[in-house]
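Per my numbering, the very first residue in the sequence shown carries number 516; after that it's consecutive. Ideal Cβ placement from N, Cα and C applies to all residues, glycine included.
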Amino acid sequence: MSSLPGDSVFPESNPKLTGIKAALQYTGIPPSWLDKRPKLPSRNWLIFIGVTSTVTGYYIYDRRKCREIRQEYVDKVKHLAEVPLHSLDYPRKVTVYGAKWPGDEEYDRSMKYFRKYVKPILVAAAVDYEMINGKRHGELVNRVAEDIKRRRRIDSGLESPPVMAMPLPNSSPEDKRRRELEGGIVIVGRPTFKEFMAGLKRGWTEGLEVVDKEERLSQVLESDGHFDEPEQDVDAPADSADVDGEPIPTASRLPPSKSFSAFTPPHLRAPSPQPPSAPSSEGSSIPASLNAPPASIPSQPPLLLVHFVNHIGLSQIPYMIWDFFNERARVLSGAEAAYRLIVDQTRPFDAPPPEALAQLHETASQSSLPPPPSTATGTEIGADTDATTDISTSPARPHFAELAPSDLDFDRDAEEWYKKSTVRSFASEIAKARESYYKALSERLATARSLARGTREPTKDERNYPPPTEVELRAERMKKELRWRADEEGWETIRPDNAVAWDERFRSALKVFVDPPSDFESTGNTDSSTQS
């Protein structure tokens, strides 16, 4: 129907608002907002919301499971913290060892792992702990070996025990030893296990003499010729040495370490330097009966072997991301390890039989490489070894796992996660650093001697920044050599192709914490004094 001209057209009235819209129309909200119908977001927004919510939800789920797992094990052991303790007794205490992971600048990664995943369960059970961490490779070996030697010297009467300012009850050596056996030792990761076993063997095998490493190294460096004076003409006047202006008879004024003439009187000849050897019982003040390694080893605290892998490097970033969203696996592993220690269920240390070990040594001796220093008899770990050997081109050595599964293969798979560049070039990097240092040392030494003797005037830079003297250069060289040799020795201990140190005396002295039986919780027996 058409409208005639002049007819009035009235606009259609808006529908009457009801419900919440009627209440909100007087709040100042634009009416267009009240009439707006919801619709799906765009494709890009849907992708963003879906990915973000999935990642966030997976993260929240993982962290919630972590709290549940940790709380579950805390509830299992928290009643032990409520057991009354006598006023003169000590709580149970364990020793935690951690070593530096190869290729990681953070030396305390293993200790961070212990504090985050194992420590909460121990704290809930009122178990005390002492953490010992090695900052460089091989540092833990020396620490364990020196502690054992000190104990042997005290037990044999060669050294007096430390005197306490105030004697306390239950503080005798016997009581301390009993508490150590009741506690335990926590070993975090494969590098820590190798260093601990190497230190254990060295401490129970070497003599009891207190060896000054700096003095022994100085005897070795004395004959290397880096600080020797250039040979002078024998026809030079006798008083020519007094005109160099050197105020004091430093080491540079002394005769060279090597004999410069066949006609030098015998009493003026420097003794021919000899490489340092292990102190023998003949020249030692310690009786041979006390200095000899014991035929048997006393029982050691049980070992808790904690699995630990540290992912570093660009190629392992995907595994880092996976571990970030699967934190519950490490929480469960750490909680189970702590629970094994708390319930105190142990078994003897499992090692291959002696015949299998003999076969391993024979096979290693037939290869082109020397036998592993950790299994050689009568040799010091890392001594007289070729530090520049590239294991990537070396033939594979037989391993304990090829003979029979044992505790010596604990966490062996973790060695596959070592940074490849570190395994390939660790020793060569030390050799390059040593070569570049000695290449620049001759020029620095010549500068120090010329300034000390006044043969030339110092430059403006040398006045503002005095170069090191010869004494300072000798101290610097000693410090660097100590660090380089310690790193080489420590790397020989933890190298993936080197076996774990072993001694047949360990077979009856070591124990390992194990999981409790399946019916352990049903019996309600979680007393830490229970032994297998």
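Paired residues, beta bridge with residue i - DSSP
{"i": "Pro863", "result": "Lys1026"}
{"i": "Thr567", "result": "DSSP output for Thr567 lists no bridge partner at all."}
{"i": "Asn648", "result": "Gly613"}
{"i": "Asp1002", "result": "Answer is none; Asp1002 lacks a bridge partner."}
{"i": "Asp643", "result": "Lys608"}
CA-to-CA distance, residue j to residue i, given in whole angstroms
{"i": "Ser547", "j": "Ile575", "result": "38 Å"}
{"i": "Ala873", "j": "Asp924", "result": "17 Å"}
{"i": "Asp859", "j": "Val642", "result": "12 Å"}
{"i": "Lys1048", "j": "Pro556", "result": "This structure does not reach residue 1048, given that the chain is present from 516 up to 1047, and the question cannot be answered."}
{"i": "Ile669", "j": "Val821", "result": "32 Å"}
{"i": "Arg939", "j": "Ile1009", "result": "13 Å"}
{"i": "Ala946", "j": "Arg855", "result": "44 Å"}
{"i": "Thr903", "j": "Ala942", "result": "Because the pLDDT of Thr903 is 42, which lies under 50, any placement of that residue in the model is unreliable, and the number read from its coordinates should be weighed accordingly. Those two C-alpha atoms are separated by around 5 Å."}
{"i": "Trp560", "j": "Val566", "result": "10 Å"}
{"i": "Glu977", "j": "Leu988", "result": "16 Å"}
{"i": "Leu637", "j": "Lys627", "result": "15 Å"}
{"i": "Lys709", "j": "Val1015", "result": "6 Å"}
{"i": "Trp1006", "j": "His652", "result": "6 Å"}
{"i": "Ala810", "j": "Ser1033", "result": "39 Å"}
{"i": "Thr533", "j": "Tyr834", "result": "57 Å"}
{"i": "Arg968", "j": "Val986", "result": "14 Å"}
{"i": "Ala990", "j": "Ser830", "result": "41 Å"}
{"i": "Ile647", "j": "Arg579", "result": "32 Å"}
{"i": "Ile827", "j": "Thr542", "result": "58 Å"}
{"i": "Ser625", "j": "Ala852", "result": "14 Å"}
{"i": "Tyr933", "j": "Ile801", "result": "43 Å"}
Beta-carbon proximity of residue i to residue j, cut-off 8 Å
{"i": "Pro677", "j": "Thr937", "result": "no"}
{"i": "Tyr588", "j": "Ile702", "result": "no"}
{"i": "Lys615", "j": "Tyr622", "result": "yes"}
{"i": "Gly698", "j": "Pro816", "result": "yes"}
{"i": "Arg705", "j": "Arg845", "result": "no"}
{"i": "Trp719", "j": "Asp1002", "result": "no"}
{"i": "Ile584", "j": "Leu847", "result": "yes"}
{"i": "Val609", "j": "Tyr573", "result": "no"}
{"i": "Asn685", "j": "Leu603", "result": "yes"}
{"i": "Leu673", "j": "Thr707", "result": "no"}
{"i": "Arg717", "j": "Ala866", "result": "no"}
{"i": "Glu695", "j": "Leu997", "result": "no"}
{"i": "Phe823", "j": "Val1027", "result": "no"}
Which of helix, strand or coil DSSP assigns to residue i
{"i": "Ile700", "result": "strand"}
{"i": "Asp743", "result": "coil"}
{"i": "Lys934", "result": "coil"}
{"i": "Asp690", "result": "helix"}
{"i": "Gln540", "result": "coil"}
{"i": "Asp727", "result": "coil"}
{"i": "Thr533", "result": "coil"}
{"i": "Gly718", "result": "helix"}
{"i": "Phe925", "result": "coil"}
{"i": "His594", "result": "helix"}
{"i": "Ile663", "result": "helix"}
Quiz item: If you scan the segment 811-864 from start to end, which runs of the beta strand (DSSP E) of 3 or more residues do you find wholly inside it?
Solution: DSSP runs (the beta strand (DSSP E)) wholly in the segment 811-864: 818-821, 861-863.
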